[in-house]
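Here the protein sequences come in this chain order: A and B.
Residue numbering for the first sequence follows the working numbering, beginning at 146 and increasing consecutively.
Residue numbering for the second sequence follows the working numbering, beginning at 7 and increasing consecutively.
Below is one structure, written out as structure tokens, with a few remarks after it.
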Amino acid sequence: MAGEATKAIDQAELWGGGRSPFSVSYGKMMMWFFLISDALTFGGFLSALAFARHHLEDTWPVTENIFFHFPLTHAHLPLLYVALMTFILIISSVTMVLAVEAGHRMDRKGVVKWMAFTVLGGAIFVGSQAWEWMTFIAGPDGLLSTSADNASLTSNPYGPQLYADFFFFITGFHGTHVLSGVVINLIVLIRSIQGWYDERGHYEMVEKVGLYWHFIDLVWVFVFTFFYLI
Amino acid sequence: MERDDIIEYSLDTHHDEEAGKKIRKKIYFVTVLLSVVTAIEVAMGIIWGKAHIDVDGMGWLTIKSIFIILTLLKAGYIVMVFMHLGDERKSLRNVILIPYVLFIGYLFFILLVESSFIFYVKDVIGWV
């Protein structure tokens, strides 16, 4: 945080070198390091996608012609379900940042409430992604049973094989992140209920898992643009 | 003289209800902004999507650029406000953002250049 330092840090909390680089705690610094490396992986995925689709532009499928399904209806609604998923993830990011804010006030009830909403939003997103995969795999005829026009890593009824491969790899890798994020958030939620962080004197753990959760939202913002919109 | 042995850790950043109100106001503002931008993107994608537009024309290039600009805007608000990178020391911010942006920016640039060349070799000259 910005502002003048007010008190000296206990020798036990100092880093080995005697001071903290950048005035952040060890855990937060390491979370940022992890997020940079993870962001490089996603950057690699998205730039590979850009490479592939740029020279296959003529045959690359139009997203609106593939992702127009919506649960419980047969109406033609291009992009709307993905937009809903995006919105759910943004809202769960908001509830996460509200949990972090409540943590700074040592407000245990607030943290528990907002963390619970965050876990719920993440779970809905993972479920939506499962539905999206199912619809995509089923292919144009909407039947999972006929292997003839089902999408997989070796066959793609929509166009170039790479389209299906990138869909599975990028949204799958992101979905794995969401799933692990939900589990980690759940653990922090349980520990908040149990009062671990009150005992510790600070809710920095909420802040650290918050960084991870916002990162997942950040990646999805890019996936949404580069895979679905463009 | 400025003391450099006094370090303020994020562990000690507690704030009271008063400051919390201000922070929450900012969070709600960013929430509305992110939702509105997403809604605009989706509306643009439905109205001027690839299905309805001449992909080779300037129109699609403009739409594409607007998508990318809006995405970077959203990303900036998420990183600076939600991830609190805007509140960290400037040096930490630079260490995280500058190498990443340089490296991935170059990777995108060089892959698009190479991709254009592959398209040229395969589809224009027909070597392969």
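Glycine included, each C-beta is placed from N, C-alpha and C at the ideal position.
Between the CA atoms of residue j and residue i - distance to the nearest angstrom
i, j, result
"B:F35", "B:T19", "22 Å"
"B:I84", "B:V130", "42 Å"
"B:K91", "B:T77", "In the sequence as displayed, the identity of residue 91 of chain B is Leu instead of Lys. So the two alpha carbons sit approximately 18 Å from each other."
"B:M7", "B:K96", "Caution applies to B:M7, whose pLDDT of 47 falls short of 50 and renders its modelled position unreliable; the value that the coordinates give is listed next. Between B:M7 and B:K96, the C-alpha separation is close to 22 Å."
"A:L180", "A:T186", "10 Å"
"A:S238", "A:F369", "16 Å"
"A:A261", "A:D343", "18 Å"
"A:H347", "A:F232", "30 Å"
"A:F196", "A:L363", "21 Å"
"A:A147", "A:S182", "For A:A147, the predicted structure reports a pLDDT of 45, less than 50, and the residue's modelled location is therefore unreliable. A value from the coordinates is still provided. The straight-line gap from Cα to Cα measures roughly 26 Å."
"A:A184", "A:D203", "30 Å"
"A:F318", "A:I269", "17 Å"
"A:Y357", "A:K173", "10 Å"
"B:T44", "B:G132", "41 Å"
"B:M86", "B:M50", "26 Å"
"B:I29", "B:I46", "26 Å"
"A:Y303", "A:L288", "15 Å"
"A:S165", "A:H214", "51 Å"
"B:L117", "A:A193", "8 Å"
"A:H221", "A:S325", "33 Å"
"B:S71", "B:V107", "18 Å"
"B:I33", "A:I236", "11 Å"
"B:I102", "A:L217", "44 Å"
"A:G284", "A:G189", "28 Å"
"B:L79", "B:L39", "10 Å"
Proximity below 9 Å, CB of residue i to CB of residue j
i, j, result
"A:G248", "A:V327", "no"
"B:A81", "A:V257", "no"
"B:L98", "A:F167", "yes"
"A:V354", "A:L234", "no"
"A:S198", "A:Y308", "Going by the sequence as given, residue 198 of chain A is Arg instead of Ser. Yes, Cβ-Cβ distance for A:R198 and A:Y308 is below 9 Å."
"A:H200", "B:I110", "no"
"A:F371", "A:L191", "yes"
"A:V264", "A:L331", "yes"
"A:V227", "A:E277", "yes"
"A:T280", "A:F360", "no"
"A:L224", "B:V61", "no"
"A:E209", "B:A57", "yes"
"B:F73", "A:I375", "yes"
"A:Q274", "A:T240", "no"
"B:F88", "A:V169", "no"
"A:R250", "B:E23", "yes"
"B:I69", "B:I59", "yes"
"B:G55", "A:V207", "yes"
Proximal chain B residues relative to residue i, where beta-carbon distance stays under 8 Å
i, result
"A:I235", "T37, L40, S41 and T44"
"A:P223", "G51, I52, G55 and A57"
"A:V207", "G55, K56 and A57"
"A:E344", "Under the 8 Å cutoff, chain B gives no residues; its nearest Cβ is about 14 Å from A:E344."
"A:T218", "Those do not exist, as A:T218 stays about 16 Å from chain B at its closest Cβ, beyond 8 Å."
"A:A244", "None at all; the shortest Cβ gap to chain B is about 11 Å."
Chain C contact residues for residue i, given Cβ-Cβ distances below 8 Å
i, result
"A:F167", "The structure shown contains no chain C; its protein chains are A and B."
Collapsed DSSP secondary structure at residue i in the structure displayed
i, result
"A:T186", "helix"
"A:F179", "helix"
"A:M146", "Here the model assigns A:M146 a pLDDT of 44, short of 50, so the residue's position is not dependable and the matter cannot be decided."
"B:M7", "At B:M7, the pLDDT of 47 sits below 50, so the modelled position is not reliable and the matter cannot be decided from this model."
"A:T204", "coil"
"A:F213", "coil"
"A:T231", "helix"
"B:T44", "helix"
"B:T19", "coil"
"B:L117", "helix"
Interface residues of chain B facing residue i [CB-CB closer than 9 Å]
i, result
"A:H249", "T19, H20, H21, A25, G26 and I29"
"A:V239", "I33, Y34, V36, T37, L40 and F88"
"A:W365", "In chain order: nothing, as chain B lies at least about 10 Å away."
Contacts that residue i makes with chain A (C-beta to C-beta distance below 9 Å)
i, result
"B:G132", "Simply none; closest approach about 14 Å."
"B:I110", "A184, L185, G188, G189, L191 and S192"
"B:L67", "Within chain A, no residue comes near B:L67; the closest Cβ sits about 11 Å away, beyond 9 Å."
"B:I74", "T370, F371 and I375"
"B:I104", "By Cβ distance, chain A contributes nothing, its closest Cβ being about 11 Å from B:I104, past 9 Å."
Within chain B, the residues that residue i reaches when beta carbons sit closer than 7 Å
i, result
"A:H359", "I84, F88 and M89"
"A:D362", "I84"
"A:W259", "Residues of chain B passing the Cβ test: none, with the nearest at roughly 11 Å."
"A:T231", "T44"
"A:A181", "It should be pointed out that residue 181 of chain A corresponds to Ile in this sequence rather than to Ala. Under the 7 Å cutoff, chain B gives I102 and Y106."
Chain-ordered chain A contacts of residue i [CB-CB under 8 Å]
i, result
"B:S121", "A195, F196, A197, H199 and H200"
In chain order, which continuous runs of the alpha helix (DSSP H) of length 4 or greater are located wholly inside the region 237-278 of chain A? For the region 237-278 of chain A, not a single whole alpha helix (DSSP H) run of length 4 or above is found.
Whole runs of the alpha helix (DSSP H) within the region 50-87 of chain B, excluding any shorter than 4 residues: As far as the region 50-87 of chain B is concerned, its whole alpha helix (DSSP H) runs of at least 4 residues are 64-83.
In chain order, each alpha helix (DSSP H) run of at least 4 residues that lies wholly inside the region 297-363 of chain A: Segments of the alpha helix (DSSP H) lying fully in the region 297-363 of chain A: 306-311, 317-339 and 341-345.
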